[in-house]
Every structure is written in structure tokens, then in C-alpha cells.
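The listed protein sequences derive, respectively, from chains S and B.
Mapping of the first sequence onto the numbering used here: residues 1 to 235, in sequence order.
Mapping of the second sequence onto the numbering used here: residues 1 to 235, in sequence order.
Below is one structure, written out as C-alpha cells, with a few remarks after it.
Protein chains: 2
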Amino acid sequence: MYTRFFLQTHRVPKLSEAEAASLEASVSRTVEYRAKQVIVRQQVPLTQCTLLLEGFIERFKDTPEGRRQILAIHVPGDFVDLHSYPLKRLEHSVAALTPVKVALFPHPAIRGLTEQSPTLTELLWRSTLIDAAINREWIVSIGARSAAVRMAHLFCEMYLRLERIGLTEGLRFSLPLTQIDLADATGLTAVHANRMLRQLREQGLVEFRQGVVTILDWDALRSFGDFDPGYLFFD
Amino acid sequence: MYTRFFLQTHRVPKLSEAEAASLEASVSRTVEYRAKQVIVRQQVPLTQCTLLLEGFIERFKDTPEGRRQILAIHVPGDFVDLHSYPLKRLEHSVAALTPVKVALFPHPAIRGLTEQSPTLTELLWRSTLIDAAINREWIVSIGARSAAVRMAHLFCEMYLRLERIGLTEGLRFSLPLTQIDLADATGLTAVHANRMLRQLREQGLVEFRQGVVTILDWDALRSFGDFDPGYLFFD
DNA sequence: CGCATTATTGAACCGTTTCAATAAATGTGG
DNA sequence: CCACATTTATTGAAACGGTTCAATAATGCG
Chain S
1 MYTRFFLQTH RVPKLSEAEA ASLEASVSRT VEYRAKQVIV RQQVPLTQCT LLLEGFIERF
61 KDTPEGRRQI LAIHVPGDFV DLHSYPLKRL EHSVAALTPV KVALFPHPAI RGLTEQSPTL
121 TELLWRSTLI DAAINREWIV SIGARSAAVR MAHLFCEMYL RLERIGLTEG LRFSLPLTQI
181 DLADATGLTA VHANRMLRQL REQGLVEFRQ GVVTILDWDA LRSFGDFDPG YLFFD
Chain B
1 MYTRFFLQTH RVPKLSEAEA ASLEASVSRT VEYRAKQVIV RQQVPLTQCT LLLEGFIERF
61 KDTPEGRRQI LAIHVPGDFV DLHSYPLKRL EHSVAALTPV KVALFPHPAI RGLTEQSPTL
121 TELLWRSTLI DAAINREWIV SIGARSAAVR MAHLFCEMYL RLERIGLTEG LRFSLPLTQI
181 DLADATGLTA VHANRMLRQL REQGLVEFRQ GVVTILDWDA LRSFGDFDPG YLFFD
């Protein structure tokens, strides 16, 4: 069941059994990548989409001055480049953060799904738009929230997204990023990210140690992080 | 021809005449709004999409600390909330920056289009994904570019988008925003935005005066602004 | 014309970066 | 499986980019 996590995180619109089966049947094959491997290089024409089955993936863009901006962090059940179906190429790159396993959906198979069912179309379209809503929330975070708040916000988001697919244990979950990655995602330097992590820990909100997040006080973290989950569209 | 600018900015995939006619026929009515009027309020259920015909529109989100983050600036030919079709509501608000005229597309009409033509579906889907690509470029700007570079980048983007629909005169164009708006879009304070505008002017790159942009040296502006138009998908 | 909004500039301040140095953790080859 | 090399984490101190506060001028709207 390649599409189990995807369907678990996207319950609207509701698919018929036949539609869910068509989606599942659109997988051409699975592939594994090593940590740090680049999966999609920006501007290269694409002919298939990638559904993340196991592990973590990042979307990112590097600037000429040598800064990396992480644009999205993907968890199992996320299509990492479904937008390549209408766009045909991506303007950013995609890389594995950990060893990962993915399922591939050829573009013609996706076109087949859109020809077959407007509901399936809406579901796939919707999933790319939830990614976009997360993109916009990151704009708000980076543009209008202080460093510590931004970091807290990111932990709230990752907690809910991982909780939804059963990848949390109580208030603890694995988030296999380095502090450098957290810095690249929040638009901070690694040094400042480190200081903000210390502050959040000392404030009793959340602890990040070697890729493991422990939420110490969810309500306080959520409030401090100015976190409202509406943008995740968990309908 | 409500959809003229839209079709002018989205040439891929190519529609048949019948498909273009169906799209045009999906307009239920047109509406006008005054400057500063809120067109879509966040989290309110929506049943139609809005195509901007004349004027400028912003998408934005306000934070509890009273900061406004502008998420997108829309020009004629842009759907400002096409993502409301799969999402059913938006996580941000939409407001008129100037007096505007828009055309409305009821959600059922859009569903009709997706049932009728996978090419039309792909075109509409694609247009929401180009918005998302712009969102991501803004993440890079705000997260990884300095204030002056960010501002230069924004002028490059708006120049190309407006040039495409014939709303520029040589290297000059109307961009009816206040410096406060520019600041809210770039994640800066109005004071600093003002200083960056002065710097860009004194460097001979670009001039912004009362809502009118004059590019003084396109190549230099583009280079200074770290601008690569690939993310606009002008195929 | 008058009032509110926007633009401009200076000066002090502060959040974040930069540079630098050390410690801890992780990965790799023998 | 240990030893070494590399990457990551941590902390301090100085510097800087951007913010805040404040005051005035210019612009635009009703």
C-alpha cells in the first residue's frame, strides 16, 4: 500500500475504492536513495512524480553567496514533486535528508487519473496546494516572526504532520535534521539556531537533541510559536 | 474577453479554441472593489474563484504582534484565489490594493472544466503552481537575501510580470504600492524599506516614486537582485 | 482646504551575524 | 571495533544590518 500515508493525510475529497485503487496502481516502481543524495535537480525536465514512503526529504535552493534556503521538509506520505506534473520541471532542487524509499508515478499515469476522475484530480491538486499553504506560512514565519518564535513554530508544524501519520511517540518524535538544516529552513545562521534551541529548552518549551524533538509543554510551545494549524488543512 | 490576460500569461499547455471558449464561458459575473477593500477573508468557506481583470490585489496575513506579511502581489490576468477550488477556504486574506475589477468563476463551473478537459485542468492547476513557485522564491528572498537585494529582486519580478501583459512603458511601470506595502512584502520595516529605495536609486539601479518604478539599469538591477526568471515559468 | 496617510531622515538600540576556538558526535577505513 | 577524520554542536566577543523611536516634510484624499 504505497499510498496509505498519503491517503491518511488527505481525507478530502473522499475517494471511492476504485479511485483509491487507480491511484495505487499508478506507481511504476520504487527507488531508494542514500542520505544527502539529490533526487531532483532544478530546471531538469521531469517525466514522473515522487511519493515519499520512508525517510525525510528537503526541497531547497542555494544562492550565489553560498546560503542554502530550505523550502520544505517532507515526511512519509508527501508527494515531494507532484507539481512537476503541470510544471514539467522544478525551479528548486530536492534531496534526501536521510536514507529514503520513494514510489514513482509517471506523468502519463497521472494524466490518466485526471482523465478518469475529477475527484482524484481535485485530491492531487489539493495536495500541491497544501504544500503551497505551508510555503506561505513559512513566508510569514521568516518575514514576520522572531528567531525563537520561528523555531517554535517549525516544531509545532512538524509535530502535527508526523503525529498524523503515527510517527510520534507521545510528545517525542524523530526529526533527523542537523542544527545547520534547522538554520537553513528558518533563515538563520547555525550559531543563532543553536542559541534559540538553548533558549526554547531553558524556557521549558521544547528540546532538540541529535535529531530528536521532545515537546516539554505543548500549549506553551504553540502559544509562544504563534501556531495556528489551519494552514495545514487537516479537514 | 475576460480571460485574455490570463491566457496571455499562461501559454502552456496550449488550449484548443473550444477549451478557451469554455473557460471564458465559465465567468458568472464581474465585480468591482474599492482600494483597500477585503475581497476574501481567511477561513471563510468559498464557492467561487476570482480572476483579476484590472488593478492590483494583495494576499496577506497579519500576526498577533501587528505585523502584516504580504504573501503575493497580483496583476491583471492572475487568479487571486483559484486555490480555493480544491481547498474550499483560504488560510490568508485577499484585498484590493487599488480599485479593481474582477471576474468570478463558480466552483461548480471549474469542476465542469476539469471534467471536460484534462488540458484545461492542467492549465488551471499549473497556474496555481506558478503562484506557489513565486511563494517559494519569496522564501528565498526573505530568508537568504539582504534587504537591498530583496527589494531589487521584487522590482525585477514585477517588471517581467507586468511587461508580459503590456503594462509597462519601456523600463517604467506603475506599481501602486506604498513604501509600507513594499516593506510588508519584503519583511522589512517601512523605515528600512525607504533607506533601501534610496540606496537603489543612488546606485543607479531603479527608482521608486509614488507608485511608479523606473528601471535605470536593467542588467545591473537583475545582477544585483540575484534575479533568475526561471521560477516564473514563462515557457 | 484641512486632515490623515505616507515619505524621509537622524540617532540609539537590539537581534542576528560573523569570526574564532573548542568540544562532542558521527562516519569510515584498517 | 578502534582510531582518525570530518561534521556538527557549543560558547564568547565583536561587528553589523535592520529596527525602533522620534520628529518633520510631503502627498493625497474627502
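We treat Cβ as the ideally placed atom computed from N, Cα and C, and that holds for glycine.
Discussion item. Assuming residue 174 of chain S is part of the alpha helix (DSSP H), what are its boundary residues?
Written reply: Unbroken run through residue 174 of chain S is the beta strand (DSSP E), 172-174; no alpha helix (DSSP H).
Discussion item. Could you give the first and the last residue of the continuous beta strand (DSSP E) run that contains residue 121 of chain B?
Written reply: First-last for residue 121 of chain B: 118-144, but that is the alpha helix (DSSP H), not the beta strand (DSSP E).
Fill in: Simplified DSSP state of residue 2 of chain S, which is helix, strand or coil
coil
Discussion item. Looking at chain S, is there any beta carbon in it that lies within less than 8 Å of the beta carbon of residue 115 of chain B?
Written reply: yes
Discussion item. Nearest by alpha-carbon distance to residue 10 of chain S: which of S:33, S:159 and S:128 is it?
Written reply: S:128
Worksheet item: Quick one: Cα of residue 151 of chain S to Cα of residue 189 of chain S, how far?
Response: 12 Å
Worksheet item: With contact counted as at least three CB pairs below 8 Å, one residue from each stretch, are the stretch 118-133 of chain S and the stretch 155-174 of chain S in contact?
Response: no
Worksheet item: With burial defined as no fewer than 16 other Cβ atoms inside 10 Å of the residue's Cβ, what is the status of residue 180 of chain S: buried or exposed?
Response: exposed
Worksheet entry | CB contact check: residue 51 of chain B to chain S, cutoff 8 Å | no
Worksheet item: chain S beta carbons: is any one of them nearer than 8 Å to that of residue 69 of chain B?
Response: yes
Worksheet item: When burial is assigned at 16 or more other CB atoms within 10 Å of the CB, is residue 96 of chain S buried or exposed?
Response: buried
Fill in: Among S:23, S:88 and S:199, the one whose alpha carbon lies nearest that of residue 124 of chain S
S:23
Worksheet item: Nearest-angstrom Cα distance between residue 166 of chain B and residue 62 of chain S?
Response: 32 Å
Practice prompt. Quick one: which unbroken alpha helix (DSSP H) runs of 4-plus residues sit fully inside the stretch 52-77 of chain B? Chain order, please.
Written response: none
Worksheet item: What span of residues does the alpha helix (DSSP H) with residue 186 of chain B cover, start to end?
Response: 179-186
Practice prompt. Could you list the residues in the stretch 166-196 of chain B with a C-beta less than 9 Å from some C-beta on chain S, going in chain order?
Written response: 184, 185, 186, 187 and 188
Item to complete: Would you give the residue range spanned by the alpha helix (DSSP H) that residue 102 of chain B belongs to?
Response: Note, residue 102 of chain B: premise wrong, no alpha helix (DSSP H); beta strand (DSSP E) at 100-106.
Worksheet item: If we ignore side chains and look at the alpha-carbon of each, how far apart do residue 68 of chain B and residue 29 of chain S end up?
Response: 45 Å
Practice prompt. Would you mind working out which of S:144, S:174 and S:197 sits nearest residue 226 of chain S, comparing C-alpha positions?
Written response: S:144
Fill in: Whole-number beta carbon distance between residue 201 of chain B and residue 156 of chain B, since they are thought to touch under 8 Å
So it is not a contact: roughly 16 Å between Cβ atoms.
Fill in: Where residue 108 of chain S falls, given that 16 or more other Cβ within 10 Å makes a residue buried
exposed
Worksheet item: Looking at C-alpha atoms only, which residue of B:118, B:205 and B:146 is the closest neighbour of residue 20 of chain B?
Response: B:118
Item to complete: State the beta-bridge partners of residue 209 of chain B as determined by DSSP.
Response: B:212
Worksheet item: What is the DSSP secondary structure of residue 35 of chain S, reduced to helix, strand or coil?
Response: coil
Item to complete: Flag this pair as yes or no: are the beta carbons of residue 57 of chain B and residue 80 of chain B separated by less than 8 Å?
Response: yes
Discussion item. To be precise: take each residue of the stretch 126-154 of chain B, compare its Cβ to all Cβ atoms of chain S, and keep it if any distance is under 8 Å. Which residues remain?
Written reply: 126, 128, 129, 130, 131, 132, 133, 135, 136, 137, 138, 139, 140, 142, 143, 144 and 145
Item to complete: Measure from the C-beta of residue 231 of chain B to each C-beta in chain S and report whether the shortest distance is under 8 Å.
Response: yes
Discussion item. If I measure Cβ to Cβ from residue 176 of chain S and keep anything under 7 Å in the same chain, skipping five residues before and after, which residues do I get?
Written reply: 56, 97, 98 and 211
Worksheet item: Using CA coordinates, which residue listed in S:27, S:178, S:15 and S:88 is at the minimum distance from residue 231 of chain B?
Response: S:88
Worksheet item: Between the beta-carbon of residue 186 of chain B and the beta-carbon of residue 142 of chain B, is there less than 8 Å?
Response: yes
Discussion item. Looking only at its chain, what residues have a beta carbon closer than 8 Å to the beta carbon of residue 32 of chain S, apart from the 5 residues adjacent to it on each side?
Written reply: 99, 100, 101 and 102
Discussion item. Give me, in chain order, the residues of the same chain whose beta-carbon lies closer than 7 Å to that of residue 217 of chain B; leave out the 5 immediate sequence neighbours on both sides.
Written reply: 204 and 205
Discussion item. Using only the alpha-carbon positions, how far apart do residue 66 of chain B and residue 184 of chain B sit?
Written reply: 11 Å
Worksheet entry | Reference residue 44 of chain S, options S:93, S:113 and S:148, closest by Cα | S:93
Worksheet item: Which residue from B:50, B:104, B:137 and B:213 puts its Cα closest to that of residue 173 of chain B?
Response: B:213
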